[in-house]
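Peer 1: Quick note on numbering: this note's numbering labels position 112 of the sequence shown as 929, and the sequence is numbered without any gaps.
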Amino acid sequence: MKNITENAAVPEKTPSNGDNSSSAPGIGFHVPGHIGARFFSERDCLDLIRSDTTELSYTGDLHVPSGPVAESLSNSASVFGSEYSIFLCTGSTNGIRVMLSAVADTSSVILLPRSVHFSVVWTLAIIGCSYLFWPVDIPGLTDPSPVAIPDANRLNQLLSDHPEVTDVFVTSPDYYGQCADLSQIASIAHDHGCRLLVDEAHGAHFAFGGESYPKTAMSSGADICVQSLHKTLPALTPSAVIHVSSGADRNVRVSREKILERIGIFETSSPSFMIASSANIAIQRLKKGGVEPFERAASLVRRLSDRLTGPFGLSAKGTELPRRKDPLRMVLHTSETGYRAPDVQKALEIHRIYAEFADLERLVFLFSVLHEEKEYEALYQAIISIFSDPYKYGLSLIDHGKRADRSGMVYTRCPERVISLREAVFSPQPLINVDLSEMAGKISARAIGLYPPGISLVWPGERVSDEIADYLNHASESGLAPIGLSDGQFVSIRK
């Protein structure tokens, strides 16, 4: 991998997918962070294809890092402030499996909020460890996220009440760009003898920003974290990385041998040098580019958010807490406009502008240092155009009785658990499929929710409440497809 980046420089001019040519796909404000490959030169592409080889004497081994691989990982660790880092070629989903299984076993007790990624649910079932939920408040109707970030001020009491907890798990930032106070959480967790594990899939770019950006998990004191490099850096999908802190390594809170062993268990035995090389290019090239491009992009996002807050009842303002929000992510709240966010998303696509995703009330846009100022303006003008003449775009006002955003309640409340998570996932009991309209009161065999954001509203073994059933049916009627279904039907455990 070394030869790919040793002469790399930040390109002044790169191909754009946002031009007016007939072949251009439009403007994307979504993952991956290379924005339609505009980050990569033709030489980069050729080098990446050439790097697609097997383990040879001159390449090293991604699963047993040595040679050029070890050198690249050492350089990456210095950028992210870790004791050591390990590239993954199968995404943060697999990174979470590796992270959890490397530190936890059947005797472990993990404290976590319900607002974790689906992959956490499945991994807990595989490990068979115990877990406790970290209670969070119900967000307000106009909050940027339907899920509240765990409050560090509650953690000390929670851990005092539950001395059996061995690990604290947090997602920061979440899919909506909200960030937890990781420094305080790390300090409290360590005071109680617990490790802090962080799903930082959406925060790899924080390491390259200045004072406008939140602190990274590593600089906040986390023991181990996982990042999706392709989400917010210009790397190929599904490149990811695991970071382990110096303190965790020094005090053997995290075992390097176990991490490498778990990678061997969960990742393909043919990891892609091409994926890892793209991650290496992105990290080293952005490091050379410095802070300025990231500060400029953050400024452009702030200006756009300010301009879109107010007109037609729109809101694009996030938290005012310093360094607690991803500055390259904008959440546009449509609840006060009377129109559904998924319908607005479809209208934007008429302008060939593509958001990351929409829930019932919000549109989420991801920005990059590669986006040009004219693309911010194009997004602004498209949104103003849509709300200036919504009927032209086929938008219909929501029935007043259906306007209230119920997602905050369904993401926060814990349904009744009937059987254990592990038993539900690996149950030999017969499964039955039922229509969504009949799911209320049934025991779920799967993790059910919307993706994005990939948060399970119902965990396997829980009984579906009327509230959650109503929400999922409403989401389905609005064009959002719940995942965890079988041919569109809910999968229940017969009990």
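Positions of the beta carbon are idealized from the N, C-alpha and C atoms, including for glycine.
Secondary structure at S840, three-state DSSP: helix, strand or coil?
Peer 2: For the purposes of this step, residue 840 is taken as residue 23 along the sequence shown, with counting starting at 1. Residue placement at S840 is poorly supported in this model, since its pLDDT is 49, which falls under 50; the coordinates are not used for a value here.
Peer 1: Under 7 angstroms Cβ to Cβ from S883, same chain only, skipping five residues before and after it: list those, please.
Peer 2: Within the sequence shown, residue 883 is the residue found at index 66, counting from 1. Same-chain partners within the cutoff: G877.
Peer 1: Contact between the segment 1224-1239 and the segment 1163-1175 is defined here as three or more beta-carbon pairs at a separation below 8 angstroms; is this criterion met?
Peer 2: no
Peer 1: Which residues mark the beginning and the end of the alpha helix (DSSP H) in which G884 is found?
Peer 2: As a first step, residue 884 is located in the sequence shown; it is residue number 67 there, counting from the start. Annotation: the continuous alpha helix (DSSP H) that includes G884 extends over G884 to F897.
Peer 1: Count the C-beta pairs between the segment 1205-1216 and the segment 1022-1033 that are closer than 8 angstroms, then say yes if the count reaches three, no if not.
Peer 2: no
Peer 1: Leaving out five residues before and five after S839 in sequence, what residues of the same chain have Cβ atoms less than 6 angstroms from its Cβ?
Peer 2: Counting from 1 along the sequence shown, the entry for residue 839 is found at position 22. With a pLDDT of 42 at S839, under the threshold of 50, the modelled position of that residue is not reliable, and the figure given next carries that caveat. If we look at S839 and ignore the five residues flanking it on each side, it has no Cβ neighbours.
Peer 1: Look up E829 in the DSSP assignment and say whether it is helix, strand or coil.
Peer 2: In the sequence shown, residue 829 corresponds to position 12, counting from 1. Its pLDDT being 39, under 50, E829 is placed unreliably in this model, and the coordinates cannot settle the point.
Peer 1: Would you give the residue range spanned by the alpha helix (DSSP H) that A1065 belongs to?
Peer 2: Taking the first residue of the sequence shown as 1, we reach residue 1065 at position 248. Counting along the chain, the alpha helix (DSSP H) containing A1065 begins and ends at S1063 to R1067.
Peer 1: Quick one, which of E1255, S902, T1126 and L928 has its alpha-carbon nearest F950's?
Peer 2: By 1-based counting over the sequence shown, the position of residue 950 is 133. Answer by Cα proximity: L928.
Peer 1: Would you check if the segment 1132-1148 and the segment 973-982 touch, i.e. whether three or more CB-CB distances between them fall below 8 angstroms?
Peer 2: no
Peer 1: Classify T870 as buried or exposed, calling it buried when 16 or more other Cβ atoms lie within 10 Å of its own Cβ.
Peer 2: Mapped onto the sequence shown, residue 870 falls at position 53. Exposed is the call here.
Peer 1: Comparing alpha-carbon positions, which option in S1037, S1116 and A1158 lies nearest H1150?
Peer 2: Position 333 of the sequence shown, counted from the first residue, corresponds to residue 1150. Comparing Cα-Cα distances from H1150 to each of S1037, S1116 and A1158, the minimum goes to A1158.
Peer 1: Does DSSP put K1142 in a helix, a strand or coil?
Peer 2: If you number the sequence shown from 1, residue 1142 lands on position 325. If DSSP states are grouped into helix, strand and coil, K1142 belongs with the strands.
Peer 1: What is the residue span of the alpha helix (DSSP H) that D861 lies within?
Peer 2: The residue labelled residue 861 in the question sits at position 44 within the sequence shown. Residues E859 to R867.
Peer 1: Should C1042 be labelled buried (16 or more other beta-carbon atoms within 10 Å of its own) or exposed?
Peer 2: Here residue 1042 refers to the residue found at position 225 of the sequence shown. Buried: at least 16 other Cβ atoms inside 10 Å.
Peer 1: Between the Cα of V1015 and the Cα atoms of N1068, L917, A1298 and F846, which residue gives the shortest distance?
Peer 2: Walking along the sequence shown from the start, residue 1015 turns up at place 198. Selected option, being the one with the closest Cα: L917.
Peer 1: Decide if P1247 is buried, meaning its Cβ has at least 16 other Cβ atoms within 10 Å, or exposed.
Peer 2: Indexing the sequence shown from 1 puts residue 1247 at position 430. Flag for P1247 reads exposed.
Peer 1: Would you tell me roughly how many angstroms separate the C-alpha atoms of S989 and R931, rounded to the nearest one?
Peer 2: By one-based count along the sequence shown, residue 989 stands at place 172. By one-based count along the sequence shown, residue 931 stands at place 114. S989 and R931: Cα-Cα distance of roughly 13 angstroms.
Peer 1: With a threshold of 6 angstroms on Cβ separation, who are the neighbours of D1040 within its own chain once the five nearest residues in sequence on each side are excluded?
Peer 2: Taking the sequence shown and counting its residues from 1, one reaches residue 1040 at position 223. Cβ neighbours of D1040 beyond the five flanking positions: R1012, L1013, S1062, A1065, R1070 and V1071.
Peer 1: For P1277, which of helix, strand or coil comes out of DSSP?
Peer 2: The residue given as residue 1277 occupies position 460 in the sequence shown. In the structure shown, P1277 sits in coil (DSSP, three-state: anything other than H, G, I, E or B).
Peer 1: Mapping the DSSP letters down to three states, classify Q995 as helix, strand or coil.
Peer 2: Within the sequence shown, the letter at position 178 stands for residue 995. If DSSP states are grouped into helix, strand and coil, Q995 belongs with the strands.
Peer 1: Which word fits N1097, buried or exposed, when buried means at least 16 other C-beta atoms lie within 10 angstroms of its C-beta?
Peer 2: For this step, residue 1097 is matched to residue 280 along the sequence shown. Buried: at least 16 other Cβ atoms inside 10 Å.
Peer 1: Are the CB atoms of S1309 and I1249 nearer to each other than 7 angstroms?
Peer 2: Here residue 1309 refers to the residue found at position 492 when the sequence shown is read from its first residue. Here residue 1249 refers to the residue found at position 432 when the sequence shown is read from its first residue. Going by C-beta atoms, S1309 is nearer than 7 angstroms to I1249.
Peer 1: Taking G1266 as the reference, which of W1276, G1258 and K1259 has the closest Cα?
Peer 2: For the purposes of this step, residue 1266 is taken as residue 449 along the sequence shown, with counting starting at 1. Closest by alpha carbon: W1276.
Peer 1: Indicate the three-state DSSP secondary structure (helix, strand or coil) for P1299 in the structure shown.
Peer 2: One-based indexing of the sequence shown puts residue 1299 at position 482. Strand at P1299.
Peer 1: Take the Cβ of Y875 as the centre, count every other Cβ of all protein chains shown within 10 Å, and call the residue buried at 16 or more, exposed below.
Peer 2: Position 58 of the sequence shown, counted from the first residue, corresponds to residue 875. Exposed, since its Cβ has fewer than 16 Cβ neighbours within 10 Å.
Peer 1: Does the structure place the segment 953-969 close enough to the segment 989-998 that three or more beta carbon pairs sit under 8 angstroms?
Peer 2: yes
Peer 1: Just checking, does the segment 1045-1059 make contact with the segment 1095-1113 on the three C-beta pairs under 8 angstroms criterion?
Peer 2: yes
Peer 1: Please report the straight-line C-alpha distance between L1138 and S1244, rounded to a whole angstrom.
Peer 2: Counted from its first residue, the sequence shown places residue 1138 at position 321. Counted from its first residue, the sequence shown places residue 1244 at position 427. Taking the straight line joining both Cα atoms gives about 45 angstroms.
Peer 1: Taking C-alpha atoms, which residue in T940, C906, E1166 and D1283 lies nearest to V1242?
Peer 2: By one-based count along the sequence shown, residue 1242 stands at place 425. Checked all of T940, C906, E1166 and D1283; the closest Cα to V1242 is T940.
Peer 1: Given this structure, state the Cα-to-Cα distance separating K1104 from S1202, to the nearest angstrom.
Peer 2: Indexing the sequence shown from 1 puts residue 1104 at position 287. Indexing the sequence shown from 1 puts residue 1202 at position 385. Rounded to the nearest angstrom, the two C-alpha atoms are 38 angstroms apart.
Peer 1: Classify M1091 as helix, strand or coil using the three-state DSSP reduction.
Peer 2: If you number the sequence shown from 1, residue 1091 lands on position 274. Helix at M1091.
Peer 1: I'd like the ranges of any alpha helix (DSSP H) spanning at least 4 consecutive residues and lying wholly in the segment 1222-1278.
Peer 2: 1224-1229 and 1238-1242
Peer 1: My output table needs one value for V1015: the three-state DSSP class, helix, strand or coil.
Peer 2: Mapped onto the sequence shown, residue 1015 falls at position 198. Looking at V1015 - three-state DSSP - the assignment turns out to be strand.
Peer 1: For S833, I'd like the list of residues in its chain whose CB is within less than 6 angstroms of its CB, leaving aside the five on either flank, ordered along the chain.
Peer 2: Numbered from 1 along the sequence shown, position 16 holds the residue referred to as residue 833. Reliability fails at S833, whose pLDDT of 39 lies under 50, so the model's placement of it is uncertain and the value that follows must be treated cautiously. So the qualifying residues of the chain are R855.
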